[in-house]
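Trainee: Chains as they are written, first to last, in the working numbering: chain A, 1 to 372; chain D, 373 to 744.
There are 2 protein chains.
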Amino acid sequence: MKVGILGGGQLGRMLLQAAANYTVETFVLERDNNCPAAHLCHHFVQGDITDYNTVYQFGKQVDALTIEIEAVNVAALEQLEAEGVQIYPSPNAIKTIKNKIIQKEFYRQHQIPTAPFVITNILNEVFQHTHFLPAVHKIGEGGYDGRGVQIIRNEKEIEQGFNDPAVLEKMITIDKEIAIIVARNQHGETAVYPPAEMIFDQVLNILEYQITPARINRDLLWKAEAIAIKVVQELNSAGLFAIEFLIDKQQEIWVNETAPRVHNSGHHTIEASYCSQYDMLWRIILGYPLGNTKLICPSAMINILGEPGYNGTPIYQGLQDTLKTEQAFVHLYGKHSTKPGRKMGHVTLLAKEEGELIYQAHKIKQKLKVIA
Amino acid sequence: MKVGILGGGQLGRMLLQAAANYTVETFVLERDNNCPAAHLCHHFVQGDITDYNTVYQFGKQVDALTIEIEAVNVAALEQLEAEGVQIYPSPNAIKTIKNKIIQKEFYRQHQIPTAPFVITNILNEVFQHTHFLPAVHKIGEGGYDGRGVQIIRNEKEIEQGFNDPAVLEKMITIDKEIAIIVARNQHGETAVYPPAEMIFDQVLNILEYQITPARINRDLLWKAEAIAIKVVQELNSAGLFAIEFLIDKQQEIWVNETAPRVHNSGHHTIEASYCSQYDMLWRIILGYPLGNTKLICPSAMINILGEPGYNGTPIYQGLQDTLKTEQAFVHLYGKHSTKPGRKMGHVTLLAKEEGELIYQAHKIKQKLKVIA
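1) Taking the beta strand (DSSP E) that Arg-556/D belongs to, which residues open and close that run?
2) Run through chain D and tell me which residues come within less than 7 angstroms of Arg-215/A, C-beta to C-beta.
3) What residues in the stretch 323-334 of chain A have a beta carbon less than 9 angstroms from any beta carbon of chain D?
4) With 8 angstroms as the threshold, decide whether the Cβ of Ile-122/A is near any Cβ in chain D.
5) Considering Cα atoms alone, identify which of Arg-283/A, Lys-363/A, Lys-176/A is closest to Thr-66/A.
6) If you draw a straight line from the alpha carbon of Ile-180/A to that of Pro-194/A, how long is it in whole angstroms?
7) Do the CB positions of Ile-676/D and Leu-592/D come within less than 8 angstroms of each other?
8) Going by alpha carbons, who is nearest to Glu-580/D out of Glu-477/D, Ile-730/D, Thr-398/D, Ala-744/D?
9) Grouping DSSP H, G and I as helix and E and B as strand, with all else coil, what is Asn-198/A?
10) Examine chain A for any beta-carbon lying closer than 8 angstroms to the beta-carbon of Gln-532/D, and answer yes or no.
11) Helix, strand or coil, according to DSSP, for Lys-294/A in the structure here?
12) In angstroms with no decimal places, state the Cα-to-Cα distance between Ile-270/A and Phe-127/A.
13) Does the beta carbon of Thr-313/A sit closer than 8 angstroms to a beta carbon anywhere in chain D?
14) Considering only the alpha carbon of each residue, which of Gly-287/A, Ala-272/A, Phe-162/A lies closest to Ile-668/D?
15) If the cut is a Cβ gap below 7 angstroms, which residues of chain A does Arg-385/D touch?
16) So what does DSSP say about Arg-342/A, is it helix, strand or coil?
17) Is it the case that the stretch 691-707 of chain D contacts the stretch 592-605 of chain D, given that we only count it when at least three CB pairs across the two stretches are under 8 angstroms?
18) Measure the C-alpha to C-alpha separation of Gly-706/D and Ser-671/D and round it to an integer number of angstroms.
19) What residues from chain C crowd round Asn-664/D, counting only those whose CB sits closer than 8 angstroms?
20) Round the Cβ separation of Ser-648/D and Ala-390/D to the nearest angstrom and send it over; I've been treating them as touching at under 8 angstroms.
21) Which residue's Cα is closest to the Cα of Gly-713/D: Ala-744/D, Phe-416/D, Gly-690/D?
22) By how many angstroms is the C-alpha of Thr-468/D removed from the C-alpha of Asp-48/A?
23) Residues of the stretch 401-412 of chain D with a CB closer than 7 angstroms to any CB of chain A: list them in chain order, please.
24) Contact check, Ile-484/D vs Val-627/D under 8 angstroms by CB: the rounded distance?
25) Spatial neighbours of Thr-338/A within its chain, please: C-beta separation below 8 angstroms, excluding the five flanking residues on both sides.
26) Less than 6 angstroms between C-beta atoms, sequence neighbours within five positions excluded: which residues of the same chain meet that for His-415/D?
27) Is the separation between the beta-carbon of Phe-245/A and that of Ile-178/A shorter than 8 angstroms?
28) Can you tell which of Gln-317/A, Ala-135/A, Ala-37/A has the C-alpha that lies nearest to the C-alpha of Lys-365/A?
29) What does the alpha-carbon distance come out to for the pair Lys-138/A and Leu-168/A?
30) Leaving out five residues before and five after Glu-81/A in sequence, what residues of the same chain have Cβ atoms less than 8 angstroms from its Cβ?
31) Taking 8 angstroms as the threshold (C-beta atoms), are His-268/A and Asn-34/A in contact?
32) Would you mind reading off the limits of the alpha helix (DSSP H) that contains Gly-384/D?
33) Between the C-alpha atoms of Tyr-56/A and Leu-29/A, what's the straight-line distance to the nearest angstrom?
34) By a C-beta neighbour count over all protein chains shown, 10 Å radius and 16 as the cutoff for buried, is Glu-442/D buried or exposed?
35) Let me make sure I understand the geometry here. Which of Glu-513/D, Ala-436/D, Ala-733/D has the alpha-carbon closest to that of Ile-674/D?
36) If you reduce the DSSP assignment to three classes, tell me which class Gly-727/D lands in.
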């Protein structure tokens with residue numbers, strides 16, 4: 001089977017590492033021919049994943065397509081789907097998710113709990129909704145990894161918002177953030193991973209580390225799982241999905257957003273789960289049975305981010321020390337240059353004790369720095 | 373760092389899957405451009421790994437070289453080593469091991485216990501050693517995966533032996549076969565993996581399945597570990613080594629043979645160990661600390677072999693069923709054609725209970741067949 005991936009970043013890289021456990025012929029489309037996934041596929045095609053013709057021509061060579069980023073040309077995918085190429089997730093699901101306005105309306109339409117919101121088309125409209133503040137302003141299209149999201153605490157901060165179509169969302173007083181990965185195959189069967197609990201860096205608004213399983217009570221777990229499955233069933237698409245939740249101080253649970261692809265919150269599944277998220281997506285694409293989502297061992301996952309103030313060829317300070325950590329698994333993405341906050345790699349830790357996981361995660365966070 | 377691999381089979385494939393956790397630039401030299409490793413490296417070079425000039429030119433592009441098969445041009449490696457290319461293992465270690473006569477003499481010279489043997493240059497010489505029978509006749513160079521090994525039970529069977537330089541080795545009445553993987557870095561530090569216990573198919577003389585850790589008592593374990601380390605220290609080479617042992621009915625332990633590379637007996641380390649054998653070799657090559665050889669969980673590993681009577685494009689009968697096994701990890705090597713006994717993939721099982729491992733291994737063995 002010939003399968004193409006739109007995008008060649010670290011998610012593509014790990015997808016291709018997993019692909020080599022099967023007999024699939026792999027294609028990657030990406031503008032940067034030095035990208036993390038470029039050398040791990042059978043056929044690398046240099047090109048723009050947002051361009052209709054490029055995506056269409058790329059897709060015509062393969063039996064199935066998947067994505068590692070939502071910012072792709074959906075019209076080309078719709079045409080390819082109409083011509084019989086299998087797309088994971090469906091172009092319709094990508095369309096629903098890639099625009100945060102449509103995504104939020106999808107939740108509302110299906111009674112999926114999500115923070116109250118209004119839509120603002122230009123920045124000035126935010127002034128009509130000051131009763132919503134403090135709020136989070138999220139740009140409709142083009143946000144990624146914390147970009148395109150702006151906190152607006154009071155009227156004075158409104159000017160920091162977006163002058164493009166955006167969602168203005170009531171700020172939830174967050175107690176915890178969790179993510180649940182759900183796999184869905186062509187027959188509508190689903191498999192659900194245990195939730196990961198995410199701890200964010202307040203400055204860069206990017207994941208600092210996470211631990212799995214999340215420390216939540218059983219009632220909340222069941223509710224979160226039920227909602228996660230509902231999101232995926234309503235999207236009505238085969239593929240792999242990560243549903244991010246906010247849990248507020250009153251222990252109410254709200255869907256924050258959904259990613260219709262392998263996801264940062266599932267990196268740990270490579271070592272901590274019987275079937276990794278990457279393996280799972282291949283199983284779905286290749287028509288194999290869904291895999292076992294159970295944990296082999298509790299885990300922590302630390303993103304290795306470019307240090308503020310450094311741009312250029314990366315130097316991994318503290319790597320030797322990190323590699324000495326007995327239960328650590330190091331993944332470097334092989335990116336040719338670092339910049340502040342850029343995802344350069346990750347470390348997964350396995351340990352039965354939660355305290356040990358947190359202690360080791362902090363240690364790695366302190367010693368491993370990407371400078372230039 | 374630029375690193376080349378001589379050979380592009382399944383061992384190279386798994387090495388490259390592991391390489392993508394680091395920032396190494398990879399090269400593969402192999403005659404078959406459809407080989408399992410061809411598409412997973414940065415630079416694939418089509419060529420003969422036994423040819424001096426081909427290996428030399430290939431090696432001149434890289435900082436370090438490793439092998440996934442011993443049948444390589446050692447003279448070229450010696451020249452490259454003299455010119456400053458790092459070779460894992462050292463050409464001298466490959467020379468010692470690739471010829472079974474030299475390998476056996478190496479064991480004798482260093483008082484490493486190995487089955488009594490004589491050297492025969494032509495078949496007729498076997499008749500001078502009939503007191504050695506029953507014996508195993510092993511061809512000096514060119515054997516692989518059970519080829520080049522002939523059992524000679526009595527004088528009548530002598531004619532089945534080799535008319536080339538060979539080792540005639542007293543047959544050990546085998547109680548168990550185990551293998552121990554030892555890693556050694558540039559500083560002479562070693563790391564030892566728990567032993568795997570191997571169960572052989574008596575017909576094809578090829579591994580049927582193995583379980584780890586081996587079911588041996590502590591005294592035998594310590595002895596085996598000490599011998600394994602001695603073998604590697606006497607070879608005096610950095611790299612990764614698999615030492616195969618025979619344990620006889622009297623519980624005496626004998627080195628059967630050594631492989632100076634990642635090895636079939638270490639496949640399970642991908643999922644069952646904190647640091648896989650493939651990861652470990654990269655750590656050695658890249659100058660990183662040795663990894664953690666401890667088991668995350670006991671495991672079984674089943675080779676998926678081409679069924680007798682089938683040649684051609686492989687069909688993996690029973691694959692869907694195997695993929696449903698909850699604690700199974702399936703690895704297919706993506707070989708374009710199958711033949712009887714050819715290694716087409718493997719399955720690793722994780723389970724705490726030995727009985728469960730054996731039960732599941734037998735089940736997979738029965739249901740998963742590669743036909744054409």
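Where a beta carbon is used, it is the ideal one built from N, C-alpha and C, also for glycine.
If you're wondering where the values come from, they're calculated on a predicted model, not measured in any experiment.
Mentor: In brief:
1) What you label residue 556/D is simply residue 184 of the second sequence in a count that begins at 1. From DSSP, the beta strand (DSSP E) with Arg-556/D extends over 546-556.
2) Within the first sequence, residue 215/A is the residue found at index 215, counting from 1. In chain order: nothing, as chain D lies at least about 23 angstroms away.
3) Leu-323, Lys-324, Thr-325, Glu-326, Gln-327, Ala-328, Phe-329, Val-330, His-331, Leu-332, Tyr-333, Gly-334
4) The count along the first sequence starts at 1 and reaches residue 122/A at position 122. False, the Cβ-Cβ gap to chain D never drops below 8 angstroms.
5) The count along the first sequence starts at 1 and reaches residue 66/A at position 66. It is Arg-283/A whose Cα lies nearest to the Cα of Thr-66/A.
6) Residue mapping note: residue 180/A aligns to position 180 of the first sequence, counting from 1. Residue mapping note: residue 194/A aligns to position 194 of the first sequence, counting from 1. Straight-line Cα distance between these residues: approximately 6 angstroms.
7) Within the second sequence, numbered from 1, the residue matching residue 676/D stands at position 304. Within the second sequence, numbered from 1, the residue matching residue 592/D stands at position 220. It is not a contact, given that the beta carbons lie outside the stated cut-off.
8) Position 208 of the second sequence holds residue 580/D. Comparing Cα positions, the closest option is Ile-730/D.
9) In the first sequence, the residue the question calls residue 198/A occupies position 198. One point to set straight first is that residue 198/A is Met, not Asn, in the sequence displayed. In this structure, Met-198/A counts as strand in the three-state DSSP scheme.
10) Within the second sequence, numbered from 1, the residue matching residue 532/D stands at position 160. It does not; no Cβ of chain A falls within 8 angstroms.
11) Here the question's residue 294/A lines up with position 294 in the first sequence. Three-state DSSP puts Lys-294/A in coil, outside helix and strand.
12) For the purposes of this step, residue 270/A is identified with residue 270 of the first sequence, where counting begins at 1. For the purposes of this step, residue 127/A is identified with residue 127 of the first sequence, where counting begins at 1. Their Cα atoms are separated by approximately 46 angstroms.
13) Taking the first residue of the first sequence as 1, we reach residue 313/A at position 313. With 8 angstroms as the cut-off, Thr-313/A does not count as an interface residue toward chain D.
14) To locate residue 668/D, count along the second sequence from 1; it is residue 296. Per the Cα distances, Ala-272/A.
15) Mapped onto the second sequence, residue 385/D falls at position 13. Going along chain A in sequence order, the residues near Arg-385/D (Cβ under 7 angstroms) are Ala-20.
16) As a first step, residue 342/A must be located in the first sequence, where it is residue number 342. Arg-342/A falls in the coil class under three-state DSSP.
17) no
18) Taking the first residue of the second sequence as 1, we reach residue 706/D at position 334. Taking the first residue of the second sequence as 1, we reach residue 671/D at position 299. So the two alpha carbons sit approximately 23 angstroms from each other.
19) In the displayed structure, chain C is absent; the protein chains listed are A and D.
20) Position 276 of the second sequence, counting from 1, holds the residue named residue 648/D. Position 18 of the second sequence, counting from 1, holds the residue named residue 390/D. So it is a contact: roughly 6 angstroms between Cβ atoms.
21) Within the second sequence, residue 713/D is the residue found at index 341, counting from 1. Checked all of Ala-744/D, Phe-416/D, Gly-690/D; the closest Cα to Gly-713/D is Ala-744/D.
22) As a position in the first sequence, residue 48/A is number 48, starting the count at 1. As a position in the second sequence, residue 468/D is number 96, starting the count at 1. Cα to Cα, Asp-48/A sits roughly 52 angstroms from Thr-468/D.
23) His-411, Leu-412
24) Taking the first residue of the second sequence as 1, we reach residue 484/D at position 112. Taking the first residue of the second sequence as 1, we reach residue 627/D at position 255. Indeed they touch by this definition, with Cβ atoms about 6 angstroms apart.
25) As a first step, residue 338/A is located in the first sequence; it is residue number 338 there, counting from the start. Cβ within range, chain order: Gly-306, Glu-307, Tyr-310, Asn-311, Gly-312, Thr-313, Pro-314, Met-344, Val-370, Ile-371, Ala-372.
26) Working through the second sequence from its first residue, we reach residue 415/D at position 43. Same-chain partners within the cutoff: Phe-399.
27) As a first step, residue 245/A must be located in the first sequence, where it is residue number 245. As a first step, residue 178/A must be located in the first sequence, where it is residue number 178. The answer is yes: Cβ separation under 8 angstroms.
28) Working through the first sequence from its first residue, we reach residue 365/A at position 365. Ranking the options by Cα distance to Lys-365/A, first place goes to Gln-317/A.
29) As a first step, residue 138/A must be located in the first sequence, where it is residue number 138. As a first step, residue 168/A must be located in the first sequence, where it is residue number 168. Cα-Cα distance, rounded: 6 angstroms.
30) By one-based count along the first sequence, residue 81/A stands at place 81. Ile-87, Ser-90, Pro-91, listed in sequence order.
31) For the purposes of this step, residue 34/A is taken as the residue at position 34 of the first sequence. For the purposes of this step, residue 268/A is taken as the residue at position 268 of the first sequence. Cβ distance not < 8 angstroms, so Asn-34/A and His-268/A don't count as in contact.
32) Along the second sequence, read from residue 1 onward, the residue named residue 384/D stands at position 12. Unbroken alpha helix (DSSP H) run through Gly-384/D: 382-391.
33) Counted from its first residue, the first sequence places residue 56/A at position 56. Counted from its first residue, the first sequence places residue 29/A at position 29. Near 11 angstroms, if we compare the C-alpha coordinates of Leu-29/A and Tyr-56/A.
34) Residue mapping note: residue 442/D aligns to position 70 of the second sequence, counting from 1. Buried: at least 16 other Cβ atoms inside 10 Å.
35) Here residue 674/D corresponds to residue number 302 of the second sequence, with the count starting at 1. With distances taken between Cα atoms, Ile-674/D lies closest to Ala-733/D.
36) Mapped onto the second sequence, residue 727/D falls at position 355. Here Gly-727/D sits in helix by DSSP.
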